[in-house]
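**Q**
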Amino acid sequence: MITFRPLAGAVGAENQVPLAYLLQVDDIRVLLDCGSPDWSPERPNLADAYCTALRECASIIDLVLLSHGDLAHAGLYAYAYARWGLKAPAYTTIPVQAMARIVTLEDVEGTRDEQDIPDGESPTVADTQTFSSSSPKYIATVNQVHEAYDAVNTLRYSQPTHLQGTCQGITITPFSAGHTLGGTIWKIRSPSAGTIVYAVNMNHMRERHLDGTVLFRPSAGGIFEPLARPDLFITDADRANVITSRRKDRDAAMIDTIGATLSSRCSLLLPCDAGPRLLELLVLLDQHWKYADLRYPICLLSRNGREMLTFVRSMMEWVGGTVSKEDVGVDVTGKTAPKRRRADDEADDEALGAFALRFKYLGFFLNPQALVQKYSSKEPKLIIAVPASLSHGPLAVPDNVILLMNRGEEGTLARILFDRWNSSQRGDDTWDKGKIGSNVMMDGSLHLRMNSKVPLQGAELESYLAKERATREKEAAQQAAIVRNQRMLEADEDESDEESDSDEEDEVERALNEDQMDTTDGDSAVVTTTRRRKAEKMEDNADWGLDMDDGLTKTLLSFDIYLKGNVSKATSFFKSTGGQTHRFRMFPYVEKKRKVDEYGETVDIGMWLRRGKVFEQEAESDETKEAKRKQVEEEAKTVVQEPPSKCVSSEIEIQLACRLLFIDMEGLNDGRAVKTIVPQVNPRKMILVHASTDAARTLIESCGQIRAMTKDIYAPGVGESVQIGQQTNSFSISLSDELLSTVKMSRFEDNEVGYVTGRVVNHFSSTIPILEPSGISIPSDAHVRD
Numbered sequence: 001m002i003t004f005r006p007l008a009g010a011v012g013a014e015n016q017v018p019l020a021y022l023l024q025v026d027d028i029r030v031l032l033d034c035g036s037p038d039w040s041p042e043r044p045n046l047a048d049a050y051c052t053a054l055r056e057c058a059s060i061i062d063l064v065l066l067s068h069g070d071l072a073h074a075g076l077y078a079y080a081y082a083r084w085g086l087k088a089p090a091y092t093t094i095p096v097q098a099m100a101r102i103v104t105l106e107d108v109e110g111t112r113d114e115q116d117i118p119d120g121e122s123p124t125v126a127d128t129q130t131f132s133s134s135s136p137k138y139i140a141t142v143n144q145v146h147e148a149y150d151a152v153n154t155l156r157y158s159q160p161t162h163l164q165g166t167c168q169g170i171t172i173t174p175f176s177a178g179h180t181l182g183g184t185i186w187k188i189r190s191p192s193a194g195t196i197v198y199a200v201n202m203n204h205m206r207e208r209h210l211d212g213t214v215l216f217r218p219s220a221g222g223i224f225e226p227l228a229r230p231d232l233f234i235t236d237a238d239r240a241n242v243i244t245s246r247r248k249d250r251d252a253a254m255i256d257t258i259g260a261t262l263s264s265r266c267s268l269l270l271p272c273d274a275g276p277r278l279l280e281l282l283v284l285l286d287q288h289w290k291y292a293d294l295r296y297p298i299c300l301l302s303r304n305g306r307e308m309l310t311f312v313r314s315m316m317e318w319v320g321g322t323v324s325k326e327d328v329g330v331d332v333t334g335k336t337a338p339k340r341r342r343a344d345d346e347a348d349d350e351a352l353g354a355f356a357l358r359f360k361y362l363g364f365f366l367n368p369q370a371l372v373q374k375y376s377s378k379e380p381k382l383i384i385a386v387p388a389s390l391s392h393g394p395l396a397v398p399d400n401v402i403l404l405m406n407r408g409e410e411g412t413l414a415r416i417l418f419d420r421w422n423s424s425q426r427g428d429d430t431w432d433k434g435k436i437g438s439n440v441m442m443d444g445s446l447h448l449r450m451n452s453k454v455p456l457q458g459a460e461l462e463s464y465l466a467k468e469r470a471t472r473e474k475e476a477a478q479q480a481a482i483v484r485n486q487r488m489l490e491a492d493e494d495e496s497d498e499e500s501d502s503d504e505e506d507e508v509e510r511a512l513n514e515d516q517m518d519t520t521d522g523d524s525a526v527v528t529t530t531r532r533r534k535a536e537k538m539e540d541n542a543d544w545g546l547d548m549d550d551g552l553t554k555t556l557l558s559f560d561i562y563l564k565g566n567v568s569k570a571t572s573f574f575k576s577t578g579g580q581t582h583r584f585r586m587f588p589y590v591e592k593k594r595k596v597d598e599y600g601e602t603v604d605i606g607m608w609l610r611r612g613k614v615f616e617q618e619a620e621s622d623e624t625k626e627a628k629r630k631q632v633e634e635e636a637k638t639v640v641q642e643p644p645s646k647c648v649s650s651e652i653e654i655q656l657a658c659r660l661l662f663i664d665m666e667g668l669n670d671g672r673a674v675k676t677i678v679p680q681v682n683p684r685k686m687i688l689v690h691a692s693t694d695a696a697r698t699l700i701e702s703c704g705q706i707r708a709m710t711k712d713i714y715a716p717g718v719g720e721s722v723q724i725g726q727q728t729n730s731f732s733i734s735l736s737d738e739l740l741s742t743v744k745m746s747r748f749e750d751n752e753v754g755y756v757t758g759r760v761v762n763h764f765s766s767t768i769p770i771l772e773p774s775g776i777s778i779p780s781d782a783h784v785r786d
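Quick note on numbering: UniProt numbering labels position 620 of the sequence shown as 620, and the sequence is numbered without any gaps.
1. Would you tell me roughly how many angstroms separate the C-alpha atoms of E601 and I61, rounded to the nearest one?
2. May I have the straight-line CA-CA distance separating N682 from F364, to the nearest angstrom?
3. G363 lies in the beta strand (DSSP E); which residues open and close that run?
4. Quick one: Cα of R531 to Cα of Q479, how far?
5. What does DSSP give as the partner residues of W186 in its beta bridges?
6. Ignoring anything shorter than 3 residues, give me the beta strand (DSSP E) runs that lie fully in the stretch 255 to 329, in order along the chain.
7. Suppose the cutoff is 6 Å on Cβ atoms and the five residues either side in sequence are ignored; what does the same chain contact list for R250 look like?
8. Determine contact between the stretch 38 to 50 and the stretch 409 to 429, defined as no fewer than three beta-carbon pairs at a distance below 8 Å.
9. Can you name the residues that DSSP bridges to N45?
10. Excluding the five sequence neighbours on either side, which residues of its own chain have a C-beta within less than 6 Å of the C-beta of S734, listed in chain order?
11. Secondary structure at I223, three-state DSSP: helix, strand or coil?
12. Looking at the unbroken beta strand (DSSP E) that takes in T93, where does it start and where does it end?
13. Residue range of the alpha helix (DSSP H) that A20 falls in?
14. Buried or exposed: which applies to G165, given that a residue is buried once 16 or more other Cβ atoms fall within 10 Å of its Cβ?
15. Please go through the same chain and pick out, in chain order, the residues whose beta-carbon is closer than 6 Å to the beta-carbon of Q24, but skip the five residues on each side of it.
16. Quick check on W84: buried or exposed, where buried means 16 or more other Cβ atoms within 10 Å of its Cβ?
17. Can you tell me the Cα-Cα spacing of A72 and R697, whole angstroms?
18. Quick check on R472: buried or exposed, where buried means 16 or more other Cβ atoms within 10 Å of its Cβ?
19. Terminal residues of the continuous alpha helix (DSSP H) containing S649?
20. Cβ atoms of S445 and E653: under 8 Å apart, would you say?
21. Which residue marks the beginning of the alpha helix (DSSP H) containing H146, and which one marks its end?
22. Quick check on this structure: which residue in D236, L163, I234, S190 has the alpha carbon closest to the alpha carbon of D26?
23. Looking at C-beta atoms only, is the number of pairs between the stretch 241 to 256 and the stretch 224 to 233 that lie closer than 8 Å three or more?
24. So, A177 versus T213, is the Cβ gap smaller than 8 Å?
25. Can you give the Cα-Cα distance for E666 and S389, rounded to whole angstroms?
26. So T261 packs on V440, CB below 8 Å; how close in whole Å?
27. Please report the straight-line C-alpha distance between R206 and G321, rounded to a whole angstrom.
28. With the cut-off set at 8 Å, would you say L362 and I258 are in Cβ contact?
29. Would DSSP call I61 helix, strand or coil?
30. Tell me, please, which residues DSSP counts as bridged to H73.
31. Look at the alpha carbon of V756 and the alpha carbon of S774, and state the distance between them as a whole number of angstroms.
32. On the premise that L32 lies in contact with G65, defined as a C-beta separation below 8 Å, what is that separation, rounded to the nearest angstrom?
33. Which complete alpha helix (DSSP H) runs does the stretch 605 to 638 hold, if anything under 4 residues is left out?
34. According to DSSP, is P136 helix, strand or coil?
35. Using 8 Å as the cut-off, can you tell me whether the stretch 262 to 281 makes contact with the stretch 700 to 716, which would need three or more C-beta pairs spanning the two stretches below that distance?
36. Counting C-beta neighbours from all protein chains within 10 Å, is the total for W39 16 or more, i.e. buried, or is it exposed?
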């Protein structure tokens, strides 16, 4: 039986993003995507219900599949992995893993730079008071993001993977979905439930850096055979009632707008995400800049934009479109172009990928301050800012142009601006009618909530500095204790084994027999022994150059240390008679034994590495030490030290005085493509997700007009469960050789079938039962199951 429940991104939901769906195949629970909502919307959203539902089921999930590397599909995975126990095996393609890591880091760093986000869990209502808004924000740390995506298993396209453990029997295979680099259509094969295809956010059109989805290839005869006629097809219908304008018209409108704005000495702002769709925009702009020989700067405001391009250049086998042919000298039209080497390409040592991915006109800036330092605010420029929702980050665009490339999430500033632009268009020029539309002059006012950091002053600064000093002192004390314990352990390991076990037993017996001796004499003997061992250890450590005057005595080893005190109240294990002097109390002593394996005594590699560094430091000349010291000082000067600050939130009113234009660059199928592809897939059952009520109704009506199309189409809402099929119990069984030799096989299509009858026998030496013929004798170590 198959059970499907949308956690977010269902049909008719107020917010169509993020995407997260729980698919249960018999007893196996699969999480399809794990997106994150926008944490700084201008209007309240329903993110709390989604986060609560995901947290409740995170620990019981058996498998995670990520389809695209953006926030809508993978933004919350890192937090759920670190805090909610989402430790199930996760699978995706190599580019999706890299892109999801980058966009999550960009979102985490950008949000934490403007708002005070605690590092701990915040599930209670009381904890929400620490946030700038009424809803908690589940933002992971940088280390948690890296740890989560390092644990993700990566696959290549068309690579079937047979799962083990709790998911034994399930086979997953990724296929190209288009839209984003590494975007995936998941094919899930179950022996009891059949074939399940999960395909959301596809694009069948070829782009500059990507090929279209493999699901639909008109030149190859239509639907890709391995994905045709699945038992269950899960797809989105977000754009089922949308007609997208031609790519030629979109590119022309964007280029004309950019050229007209820059030539009038004004600037443009292009909000964009930090990952997959940014690459298509950069390729388009770079090609136009080369063709028109423009000298205006292209500025990318992103913390991880450079790392994103580095990842893409290392994954050229995943890049398609026209970019993949430039390194081999093939023209876009298919003709072989003359090979020529450019001086700027030879000088660019960091450019590892195709010529179109080197972007020599692009400048990277971590913050607006760095941009203003290089380019004047009056100088015309093209600014690409992250994020696309405009929910956080820099935005100062008076008398300039804002060019939107996607609609944005419901409730964000980008969506508010898009709604204003769309309502200003004429009836036939709206974005879903296949027209480009025209730019509009924005007027009026807009109330926004601004989050920012301000330096601490006065009593707040003094309190912060006092806490910092206390923290540093505590860390220094802990580090000193760790170093002292480490050196004590190393000193114990360096002791020679001159005394055998029998000598140690004799020493213990002699100490017991001398209980009646004067305590002072015993103490003097201990002092003498300690001094002798101290002299030996000082000579040994002098050879290693470890005689450092840091206040840590190397003689404090694991010897018996006697304590003075009220010995009359101390109980003794040994019986004492009258007139005998009590011994001083002693620390409990645990003998440290050397670890020995089949190869001999184990060696502490860390100790030898530390001593090797001591040798290297002693062997260095004064010039080398001075050069290293200067290098460390120069690096410390380049690092910008952020002053102590706090996060504040304020409500402001801004006057709109800019031009606004929307050009659809999302790279998704429109309604015509969806209505063509879905009937050709011809699934036995279908589930619609990620769509408005009108869009889902449009697709259902279109499929209803096709006689061969299934009528079992479901569109569940958020939290609603859909059950398909019946509960099936599957068992593993082995066929004995005697049974196979008696079966008469008949050929049916591509398979051979036969009828068998026998009895199930459980052998104690095997965990899998065996089906054997009824006429043979039963072994003594076997049990027949009724």
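Using N, Cα and C, we set each Cβ at its ideal position, and we do this for glycine too. Quick caveat: nothing in here was measured; it's all calculated off a predicted structure.
**A** Reading off the structure:
1. Numbered from its first residue, the sequence shown carries residue 601 at position 601. Numbered from its first residue, the sequence shown carries residue 61 at position 61. In this model, E601 and I61 are separated by some 44 Å (Cα to Cα).
2. Against the sequence shown, residue 682 aligns to sequence position 682. Against the sequence shown, residue 364 aligns to sequence position 364. If you take the alpha carbons of N682 and F364, they lie about 47 Å apart.
3. For the purposes of this step, residue 363 is taken as residue 363 along the sequence shown, with counting starting at 1. Secondary structure note for G363: its beta strand (DSSP E) is the uninterrupted segment 362 to 365.
4. By one-based count along the sequence shown, residue 531 stands at place 531. By one-based count along the sequence shown, residue 479 stands at place 479. With a pLDDT of only 48 at R531, under the threshold of 50, the placement of this residue in the model should not be trusted; the figure read from the coordinates follows. If you take the alpha carbons of R531 and Q479, they lie about 28 Å apart.
5. Taking the sequence shown and counting its residues from 1, one reaches residue 186 at position 186. W186 pairs with P174, Y198.
6. Here the runs fully enclosed are 268 to 271, 298 to 301.
7. On the sequence shown, position 250 is the one that residue 250 refers to. Within the same chain, Cβ atoms closer than 6 Å to the Cβ of R250 are found at I663, the five residues on either side in sequence being excluded.
8. Because the criterion of three Cβ pairs below 8 Å is met, the stretch 38 to 50 and the stretch 409 to 429 touch.
9. On the sequence shown, position 45 is the one that residue 45 refers to. According to DSSP, N45 bridges with nothing at all.
10. If you number the sequence shown from 1, residue 734 lands on position 734. Around S734, the same chain offers I768, I770 as residues with beta carbons nearer than 6 Å, after the five sequence neighbours per side are excluded.
11. On the sequence shown, residue 223 is found 223 positions in, with the first residue counted as 1. Reduced to three states, the DSSP call for I223 is strand.
12. If you number the sequence shown from 1, residue 93 lands on position 93. T93: member of the beta strand (DSSP E) spanning 90 to 93, first to last residue.
13. As a working mapping, residue 20 is identified with position 20 in the sequence shown. Note, A20: premise wrong, no alpha helix (DSSP H); beta strand (DSSP E) at 20 to 25.
14. Numbered from 1 along the sequence shown, position 165 holds the residue referred to as residue 165. Exposed is the call here.
15. Residue mapping note: residue 24 aligns to position 24 of the sequence shown, counting from 1. For Q24, the CB contacts under 6 Å within the same chain, skipping 5 residues up- and downstream, are T3 in chain order.
16. Your numbering for residue 84 matches position 84 in the sequence shown. Flag for W84 reads buried.
17. For the purposes of this step, residue 72 is identified with residue 72 of the sequence shown, where counting begins at 1. For the purposes of this step, residue 697 is identified with residue 697 of the sequence shown, where counting begins at 1. Computed Cα separation, rounded: 23 Å.
18. Residue numbering aside, residue 472 sits at position 472 when the sequence shown is read from its first letter. It counts as exposed.
19. As a working mapping, residue 649 is identified with position 649 in the sequence shown. Counting along the chain, S649 sits inside no alpha helix (DSSP H); it lies in the beta strand (DSSP E) bounded by residues 645 to 655.
20. On the sequence shown, position 653 is the one that residue 653 refers to. On the sequence shown, position 445 is the one that residue 445 refers to. Against a cut-off of 8 Å, the Cβ pair of S445 and E653 comes out as a contact.
21. Counting from one through the sequence shown, the residue named residue 146 turns up at place 146. For H146, the enclosing alpha helix (DSSP H) begins and ends at 142 to 150.
22. To locate residue 26, count along the sequence shown from 1; it is residue 26. Of D236, L163, I234, S190, the residue nearest in Cα terms is S190.
23. As far as the Cβ criterion goes, the stretch 241 to 256 does not touch the stretch 224 to 233, which means the pair count is below three.
24. For the purposes of this step, residue 177 is taken as residue 177 along the sequence shown, with counting starting at 1. For the purposes of this step, residue 213 is taken as residue 213 along the sequence shown, with counting starting at 1. A contact, by the Cβ cut-off of 8 Å.
25. By one-based count along the sequence shown, residue 666 stands at place 666. By one-based count along the sequence shown, residue 389 stands at place 389. Rounded to whole angstroms, E666 and S389 show a C-alpha spacing of 13 Å.
26. In the sequence shown, the residue the question calls residue 261 occupies position 261. In the sequence shown, the residue the question calls residue 440 occupies position 440. At roughly 14 Å, the Cβ-Cβ gap does not stay under 8 Å, so T261 and V440 are not in contact.
27. Counting from one through the sequence shown, the residue named residue 206 turns up at place 206. Counting from one through the sequence shown, the residue named residue 321 turns up at place 321. The alpha-carbon atoms of R206 and G321 are separated by roughly 6 Å.
28. In the sequence shown, residue 362 corresponds to position 362, counting from 1. In the sequence shown, residue 258 corresponds to position 258, counting from 1. Contact flag unset, no.
29. The residue you call residue 61 lines up with position 61 of the sequence shown. Of the three classes helix, strand and coil, the one that applies to I61 here is coil, per DSSP.
30. In the sequence shown, residue 73 corresponds to position 73, counting from 1. None; H73 has no bridge partner.
31. Working through the sequence shown from its first residue, we reach residue 756 at position 756. Working through the sequence shown from its first residue, we reach residue 774 at position 774. Using only the alpha carbons, I get a separation of about 10 Å.
32. Taking the sequence shown and counting its residues from 1, the one referred to as residue 65 is at position 65. Taking the sequence shown and counting its residues from 1, the one referred to as residue 32 is at position 32. The sequence shown places Leu at residue 65, rather than the Gly named in the question. Indeed, because the Cβ distance is near 6 Å, the residues count as touching under 8 Å.
33. Taken in chain order, the unbroken stretches of alpha helix (DSSP H) that lie wholly in the stretch 605 to 638 and span 4 residues or more are 605 to 619, 622 to 638.
34. As a first step, residue 136 is located in the sequence shown; it is residue number 136 there, counting from the start. In this structure, DSSP gives P136 a state outside helix and strand, which the three-state scheme calls coil.
35. Flag = no, the stretch 262 to 281 and the stretch 700 to 716 do not touch.
36. Residue numbering aside, residue 39 sits at position 39 when the sequence shown is read from its first letter. So W39 ends up on the buried side.
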